[in-house]
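Undergrad: Line by line, the protein sequences give chains U and R. Using numbering that gives the first Met the number 0, the letters of the first sequence map in sequence onto residues 0 to 306. Using numbering that gives the first Met the number 0, the letters of the second sequence map in sequence onto residues 0 to 387.
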Amino acid sequence: MALREVAWRVSARELESSLEEEKGSGDRPVGHVLSPFGARMNRVLIAGTLSPPEPLGREEPPTFWRSRFSDPTGSVAVTAGGFQPRAMAQLRAVSAPRPSIVVGKVHLYRGRDGVATVSVRAEAIRGVAETEERAAVADIVRQTLDRLDLMERLEKEPTVSDDELARSGAPRPWVRAARDSLRRYPNVDRPGFRHELRAAVRRVAGDSGPEVPAAAPPPTVRVTRASPPPPPRTPPTDDERADESVFLDLVDELSDHSVDGYADLKDVLAQIALRGVHSERAEAVLARLEEGGAIEEPIVGKLRRAE
Amino acid sequence: MPDEGAPATVPETRLKALRAGMGPVEVIGRIVTLTPREVTRQSDGSRRRLLSGLMSDGTATVRFTWWDPPSEGVDRGTVLRAAGAEVREFRGRPELTFSWKTKLAPASPVELPTVDTEATPLTPVAELRPSDEGFRTEVRVVRVAARTVSVGEERRVVHEGVVADGSGAIALSAWSDFGLKAGETVRIAGGYARAFRGRPQLVLDERTTVVRIERPELPDPAALLRAPPRPIADVEDEGGGAIVAVEGIVVGLAPPSGLVYRCPTCRRSVVSGVCRLHGSVEGVPDLRARIVLDDGTGSATVAAGRETTESLWGVTLAEVLRRLKELPDPSRISEQMLESLLGRRLRVRGPASRDDFGLTVVPESVEAVEVDLAASAAELARRLGGSA
Chain U
0 MALREVAWRV
10 SARELESSLE
20 EEKGSGDRPV
30 GHVLSPFGAR
40 MNRVLIAGTL
50 SPPEPLGREE
60 PPTFWRSRFS
70 DPTGSVAVTA
80 GGFQPRAMAQ
90 LRAVSAPRPS
100 IVVGKVHLYR
110 GRDGVATVSV
120 RAEAIRGVAE
130 TEERAAVADI
140 VRQTLDRLDL
150 MERLEKEPTV
160 SDDELARSGA
170 PRPWVRAARD
180 SLRRYPNVDR
190 PGFRHELRAA
200 VRRVAGDSGP
210 EVPAAAPPPT
220 VRVTRASPPP
230 PPRTPPTDDE
240 RADESVFLDL
250 VDELSDHSVD
260 GYADLKDVLA
270 QIALRGVHSE
280 RAEAVLARLE
290 EGGAIEEPIV
300 GKLRRAE
Chain R
0 MPDEGAPATV
10 PETRLKALRA
20 GMGPVEVIGR
30 IVTLTPREVT
40 RQSDGSRRRL
50 LSGLMSDGTA
60 TVRFTWWDPP
70 SEGVDRGTVL
80 RAAGAEVREF
90 RGRPELTFSW
100 KTKLAPASPV
110 ELPTVDTEAT
120 PLTPVAELRP
130 SDEGFRTEVR
140 VVRVAARTVS
150 VGEERRVVHE
160 GVVADGSGAI
170 ALSAWSDFGL
180 KAGETVRIAG
190 GYARAFRGRP
200 QLVLDERTTV
210 VRIERPELPD
220 PAALLRAPPR
230 PIADVEDEGG
240 GAIVAVEGIV
250 VGLAPPSGLV
260 YRCPTCRRSV
270 VSGVCRLHGS
280 VEGVPDLRAR
290 IVLDDGTGSA
300 TVAAGRETTE
310 SLWGVTLAEV
320 LRRLKELPDP
330 SRISEQMLES
340 LLGRRLRVRG
350 PASRDDFGLT
360 VVPESVEAVE
370 VDLAASAAEL
380 ARRLGGSA
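1. Comparing the C-beta of R85 of chain U with each C-beta of chain R, is any distance below 8 angstroms?
2. So, helix, strand or coil for S149 of chain R, using DSSP?
3. Within a Cβ cutoff of 6 angstroms, which residues of the same chain sit near G240 of chain R, ignoring the five residues on either side of it in sequence?
4. Classify F192 of chain U as buried or exposed, calling it buried when 16 or more other Cβ atoms lie within 10 Å of its own Cβ.
5. Run through chain U and tell me which residues come within less than 7 angstroms of E338 of chain R, C-beta to C-beta.
6. Mind checking whether G160 of chain R and V141 of chain R have CB atoms under 8 angstroms apart?
7. One question on the structure: do I139 of chain U and V32 of chain U come within less than 8 angstroms of each other, judged by their Cβ atoms?
8. Just grab the DSSP bridge partners of I169 of chain R for me.
9. Assuming V31 of chain R and S55 of chain R form a contact by the criterion Cβ under 8 angstroms, report the distance between their Cβ atoms to the nearest whole angstrom.
10. What three-state label does DSSP hand P229 of chain U in the structure shown?
11. Residues in the same chain with beta-carbon distance under 8 angstroms from R128 of chain R, minus the five sequence neighbours each way, listed in chain order, please.
12. Spell out a yes or no on whether the stretch 70-81 of chain R and the stretch 20-37 of chain R are touching, meaning 3 or more CB-CB pairs, one atom from each, closer than 8 angstroms.
13. Measuring only between beta-carbons, confirm whether T64 of chain R sits less than 8 angstroms from chain U.
14. Could you tell me which of R:L33, R:R13, R:E309, R:R196 sits nearest to T113 of chain R, measuring between CA atoms?
15. Ends of the beta strand (DSSP E) at K104 of chain U?
16. Give me the Cα-Cα distance between A95 of chain U and R65 of chain U, rounded to the nearest whole angstrom.
17. So, under 8 angstroms CB-CB, V392 of chain R and V243 of chain R are touching, yes? Tell me the CB distance rounded to an integer number of Å.
18. Can you tell me where the alpha helix (DSSP H) holding P220 of chain R begins and where it ends?
19. Out of curiosity, what's the CA-to-CA distance linking P84 of chain U and V270 of chain R?
20. Which residues in chain R sit within 7 angstroms of W173 of chain U, going by Cβ to Cβ distance?
21. Contact between the stretch 121-141 of chain U and the stretch 338-347 of chain R is defined here as three or more beta-carbon pairs at a separation below 8 angstroms; is this criterion met?
22. Quick check on D293 of chain R: does DSSP put it in helix, strand or coil?
23. Around the Cβ of W99 of chain R, are there at least 16 other Cβ atoms within 10 angstroms (buried) or fewer (exposed)?
24. Whether or not the stretch 280-293 of chain R and the stretch 259-266 of chain R are in contact is what I'm after, with contact meaning three or more pairs of Cβ atoms, one per stretch, closer than 8 angstroms; do they touch?
25. Determine whether the Cβ of V286 of chain U lies closer than 8 angstroms to any Cβ atom of chain R.
26. Grab me the residues of A135 of chain U's own chain with a C-beta within less than 7 angstroms of its C-beta, minus the 5 sequence neighbours each way, in chain order.
27. When the cut-off is 8 angstroms and only beta carbons count, does D236 of chain R lie next to chain U?
28. Could you tell me the boundaries of the alpha helix (DSSP H) in which K324 of chain R lies?
29. Would you tell me roughly how many angstroms separate the C-alpha atoms of D355 of chain R and L121 of chain R, rounded to the nearest one?
30. Please classify T300 of chain R as buried or exposed, where buried requires at least 16 neighbouring CB atoms within 10 angstroms.
31. Anyone know if the C-beta pair for G297 of chain R and V5 of chain U falls short of 8 angstroms?
32. Note the first and the last residue of the continuous beta strand (DSSP E) segment covering E85 of chain R.
33. Mind pulling the chain R residues with CB within less than 9 angstroms of V119 of chain U?
34. Locate the alpha helix (DSSP H) running through F246 of chain U, then write down its first and last residues.
35. Less than 8 angstroms between CB atoms is the rule here; does D233 of chain R satisfy it with respect to chain U?
36. Buried or exposed: which applies to I212 of chain R, given that a residue is buried once 16 or more other Cβ atoms fall within 10 Å of its Cβ?
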C-alpha cells in the first residue's frame with residue numbers, strides 16, 4: 000500500500016514553470032511532476048481566485064469542467080470530471096470569481112509540438128474568506144522560500160549528506176526533490192523566481208486585491224515552451240489540442256480506475272463520444288497521439304501513457 | 000557461542016543466550032504472562048491444549064509454548080525449570096517450546112540468576128527498541144493513570160502513561176502499582192521494552208524496581224505537552240511517538256468519517272448490523288472524523304472521536320441524526336463535514352503511530368490555528384530581502 004502523496008504548497012508560477020515529469024513504475028504507478036524550485040508533485044495545494052468554469056466537450060449535461068485559477072504570480076487550469084463528483088459539484092458552484100483553496104493532482108501534458116501544459120485536477124475545492132486565502136498564500140510562500148533556501152545550500156555544498164540536512168531541519172522528501180530539481184533544471188533563474196514571489200507577499204499583507212482572471216478562460220491553458228522542443232510538423236489547431244487533452248485526461252482517468260492499469264479503447268471512445276468527439280475524429284486524435292509518442296497500445300484495445 | 004551471564008557451574012542456559020538451532024537446552028525463568036489455548040487437529044478434529052506466554056530470568060524475556068500442560072493449571076509468577084526445551088526462532092527472536100520430551104519442574108526464585116539492575120546500562124528512552132531488556136532509565140513521569148483491563152479471563156489493573164528524558168518520550172505500562180505520580184523523577188531498572196500498536200512501550204512488572212531520584216534537569220512535563228509542532232515527514236520517519244505535535248491544513252477526510260454505528264458492548268464499529276466480536280447487535284450511532292492533515296512535508300490521519308469532531312465541525316450527533324431523518328443519505332453527512340473542515344489549519348497533539356497506511360495521530364487536543372497575516376507578510380518580505 001503506497002502512502003498518501005503529500006500536497007505540495009506551490010504558486011501558479013511554479014506550476015507554469017514545471018516541464019519535467021517522472022513516471023512511476025509497478026502495478027500502481029505514481030507519477031510526479033518536477034518543478035524547477037524543488038517540488039516533486041503528485042498532489043498540490045494552491046490558494047488564489049477561481050473563476051466560473053466552462054464545460055469541456057459537447058455532452059449534455061457536461062461531465063468535464065475547466066476553470067481558470069489565478070494567484071498573484073500566475074494562473075493555471077483547474078479541472079474536474081465525473082470521476083471527482085464532489086469536486087465537480089464544487090467547481091460548478093463557482094458562479095463568480097472567488098477566493099478558494101484547491102487540493103488536486105498535477106497533470107503535465109506535452110503536445111506533439113513539444114509544448115508542456117500543467118493543469119490541476121481538483122480533488123477538493125473550498126471557497127474561503129479572503130483572510131483564509133491570504134493565510135494559505137503565506138504558507139505557500141514560506142514553504143517555497145524554504146525549498147529555495149534548501150536548493151541554494153545544495154548548490155553551495157553538493158556533497159552535504161541527507162542525514163546532515165535532516166538534522167538541520169530539512170524534511171527528507173524535500174531533500175530528494177531539491178536534488179532532482181537541481182539535476183533536471185541546471186540553468187534556472189531561481190533569484191528571479193524569488194522576486195516574483197513578492198507579489199504573493201503583497202497579497203498576504205492585503206496590499207493587493209484578489210486576482211481578477213481574464214474575462215473568458217482561453218481554450219487551452221497557458222503554455223511554456225520546453226527546451227529543446229521537437230520540431231513541429233504541422234502545428235495542431237487549438238481545437239485539436241483540446242481534443243487531445245480531453246483524450247489524454249480520459250486515458251488517465253480510466254487507467255487510474257482500472258484493475259490492469261490500462262484504459263480500454265472502447266471505454267475511451269464511448270466516453271469521448273459523450274463529450275461530442277465522434278468516432279472518426281477520436282480515431283484521428285488517437286492516431287496523432289500514438290504517432291507523437293504520448294500514448295501506446297501494447298495490447299490491442301488497451302491504451303496507456305507512453306513511458 | 001558465548002554463553003553470556005552464565006557461570007560454568009550451572010547447567011541452565013540464560014535466556015539472553017538462547018539462539019535458534021542450539022539444540023535442547025535447560026532454562027530457568029519466571030512465568031510473566033500466560034494464556035491457555037487449544038488447537039484442533041486438522042486430521043481427526045481432536046483438541047490439544049497448550050499454554051503460551053512469556054518467561055523471564057532477568058537477562059531476557061522470551062515467548063514460550065507449552066504443549067499438553069498440567070491439567071491443574073500453572074500460575075503466573077511461577078518459577079520454572081525446564082530441561083530439554085527446544086529453541087526456535089520466530090520473526091528473528093528465539094522462542095522456547097516445551098513438549099513431552101521436556102522435563103518441567105517448579106524451581107525456587109533464589110535459583111534465578113542475580114541480575115544487578117543497578118549495574119545495567121543507563122539508556123536514553125529514544126534508544127529503547129522492542130524486546131530490549133537489562134537497562135536502566137532515568138525519567139520524568141509526564142502522566143499516569145490506572146485502568147482495568149481483561150487479560151484472558153483475568154481482570155488486572157494497569158497503570159498507563161508517558162515518561163520522558165532528554166532524548167524523548169515513551170509510553171509506559173506498569174502491571175504493578177509503583178505509586179507513580181505525574182511530575183516525579185524516577186530511576187527504573189529491570190523493565191523491558193515491547194512494541195505496542197507499532198510503537199515502543201516501556202513495561203514494568205513485579206520484577207522491576209522504581210527508585211525516586213532528584214533530577215531537576217529532566218524535561219518539564221508541561222513543556223513536553225506544549226512542545227512546538229514538528230514536520231510530519233520527520234514524525235513519520237521516526238514511526239510516531241508517545242506525544243507528538245503536528246500542524247497542517249485539512250486536505251481531506253479518510254473513510255470511515257461521519258456517522259458510524261458501534262457495538263453497545265465493545266464500541267467496535269458495526270458493519271451490516273454485525274459486530275466482529277458480539278455478532279448481530281443494535282448499533283449505537285456515533286460521530287467520528289478521520290481527518291487528513293497535511294503540512295507540505297507529509298500527511299497524517301487524525302482519528303477524531305465524537306467530542307473533537309463535534310467541536311471542530313460545530314454540528315452535534317443529535318443534529319446529524321435529525322438531518323438524516325430529513326434526507327436519509329449518510330454520504331451527505333461526510334460531505335458536509337468535509338466542506339466545513341477543508342483548508343482549515345489545525346494543530347494536533349497526541350500519541351502517533353505509523354502503519355502501512357501512514358501516520359495516525361489520536362488527538363488529545365486539536366486547536367484551530369490563527370495566522371497573524373501582518374506578521375507573516377513582514378517575515379516573508381524580510382526573507383525576500385527588503386520590502387516587498
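By construction, the Cβ of each residue, glycine as well, lies at the ideal position given by its N, Cα and C atoms.
TA: With the given structure in hand:
1. Counting from 1 along the first sequence, the entry for residue 85 of chain U is found at position 86. At a cut-off of 8 angstroms between beta-carbon atoms, R85 of chain U makes contact with chain R.
2. Stepping through the second sequence from its first residue, residue 149 of chain R is reached at position 150. Under the three-state reduction of DSSP, S149 of chain R is assigned to strand.
3. Position 241 of the second sequence, counted from the start, is the residue given in the question as residue 240 of chain R. Excluding sequence neighbours, G240 of chain R sits near A351.
4. Position 193 of the first sequence holds residue 192 of chain U. Looking at its Cβ environment, which holds 16 or more other Cβ atoms inside 10 Å, F192 of chain U is buried.
5. Position 339 of the second sequence, counting from 1, holds the residue named residue 338 of chain R. For E338 of chain R, the neighbours in chain U by C-beta distance under 7 angstroms run, in chain order, R125.
6. As a first step, residue 160 of chain R is located in the second sequence; it is residue number 161 there, counting from the start. As a first step, residue 141 of chain R is located in the second sequence; it is residue number 142 there, counting from the start. With contacts defined as CB atoms closer than 8 angstroms, G160 of chain R and V141 of chain R qualify as a contacting pair.
7. Residue mapping note: residue 139 of chain U aligns to position 140 of the first sequence, counting from 1. Residue mapping note: residue 32 of chain U aligns to position 33 of the first sequence, counting from 1. In this structure, V32 of chain U does not lie closer than 8 angstroms to I139 of chain U by Cβ.
8. If you number the second sequence from 1, residue 169 of chain R lands on position 170. Bridge partners of I169 of chain R: R:V162.
9. Within the second sequence, the letter at position 32 stands for residue 31 of chain R. Within the second sequence, the letter at position 56 stands for residue 55 of chain R. Sure, about 5 angstroms apart at Cβ, within 8 angstroms.
10. Here residue 229 of chain U refers to the residue found at position 230 of the first sequence. With a pLDDT of 46 at P229 of chain U, under the threshold of 50, the modelled position of this residue cannot be trusted; read the value that follows with caution. If DSSP states are grouped into helix, strand and coil, P229 of chain U belongs with coil.
11. Taking the second sequence and counting its residues from 1, one reaches residue 128 of chain R at position 129. Result list for R128 of chain R: A192, P199, in chain order.
12. Taking 8 angstroms as the limit for Cβ pairs, the verdict is that the stretch 20-37 of chain R does touch the stretch 70-81 of chain R.
13. Numbered from its first residue, the second sequence carries residue 64 of chain R at position 65. The beta carbon of T64 of chain R does not come within 8 angstroms of any beta carbon belonging to chain U, so the residue lies off that interface.
14. Reading the second sequence from its first residue, position 114 is the one you call residue 113 of chain R. Nearest to T113 of chain R by C-alpha distance, out of R:L33, R:R13, R:E309, R:R196, is R:R13.
15. Within the first sequence, numbered from 1, the residue matching residue 104 of chain U stands at position 105. K104 of chain U -> beta strand (DSSP E) spans 97-109.
16. As a first step, residue 95 of chain U must be located in the first sequence, where it is residue number 96. As a first step, residue 65 of chain U must be located in the first sequence, where it is residue number 66. One C-alpha to the other measures close to 14 angstroms.
17. No statement about residue 392 of chain R is possible, as the shown extent of chain R runs from 0 to 387 and does not include it.
18. Against the second sequence, residue 220 of chain R aligns to sequence position 221. Following the DSSP letters along the chain, one finds P220 of chain R inside the alpha helix (DSSP H) bounded by residues 220-224.
19. Indexing the first sequence from 1 puts residue 84 of chain U at position 85. Indexing the second sequence from 1 puts residue 270 of chain R at position 271. Roughly 25 angstroms between the two C-alpha positions.
20. By one-based count along the first sequence, residue 173 of chain U stands at place 174. Residues of chain R passing the Cβ test: T296.
21. Short answer: they touch.
22. Here residue 293 of chain R corresponds to residue number 294 of the second sequence, with the count starting at 1. D293 of chain R falls in the strand class under three-state DSSP.
23. In the second sequence, counting from the first residue as 1, residue 99 of chain R sits at position 100. So W99 of chain R counts as exposed.
24. Yes, since at least three Cβ pairs between the stretch 259-266 of chain R and the stretch 280-293 of chain R fall closer than 8 angstroms, the two stretches touch.
25. By 1-based counting over the first sequence, the position of residue 286 of chain U is 287. Residue 286 of chain U is actually Ala in this sequence, not Val. By this cut-off, A286 of chain U is not an interface position.
26. Mapped onto the first sequence, residue 135 of chain U falls at position 136. Excluding positions up to five away in sequence, the list reads A46, I100.
27. Here the question's residue 236 of chain R lines up with position 237 in the second sequence. Yes, because at least one Cβ of chain U sits closer than 8 angstroms to the Cβ of D236 of chain R.
28. Residue 324 of chain R sits at position 325 when you count from the first residue of the second sequence. Element bounds for K324 of chain R: 316-325.
29. The sequence position of residue 355 of chain R within the second sequence is 356, counting from 1. The sequence position of residue 121 of chain R within the second sequence is 122, counting from 1. So the two alpha carbons sit approximately 33 angstroms from each other.
30. As a first step, residue 300 of chain R is located in the second sequence; it is residue number 301 there, counting from the start. With 16 or more Cβ atoms within 10 Å of its Cβ, T300 of chain R is classed as buried.
31. In the second sequence, residue 297 of chain R corresponds to position 298, counting from 1. In the first sequence, residue 5 of chain U corresponds to position 6, counting from 1. Between G297 of chain R and V5 of chain U, the C-beta spacing is below 8 angstroms.
32. Counted from its first residue, the second sequence places residue 85 of chain R at position 86. Here the beta strand (DSSP E) through E85 of chain R covers 78-89.
33. The count along the first sequence starts at 1 and reaches residue 119 of chain U at position 120. One finds nothing in chain R with a Cβ atom closer than 9 angstroms to the Cβ of V119 of chain U; even the nearest lies about 13 angstroms away.
34. Numbered from its first residue, the first sequence carries residue 246 of chain U at position 247. Note, F246 of chain U: alpha helix (DSSP H), 237-255.
35. Here residue 233 of chain R refers to the residue found at position 234 of the second sequence. With 8 angstroms as the cut-off, D233 of chain R counts as an interface residue toward chain U.
36. On the second sequence, residue 212 of chain R is found 213 positions in, with the first residue counted as 1. Around the Cβ of I212 of chain R, a 10 Å sphere holds fewer than 16 other Cβ atoms; the residue is exposed.
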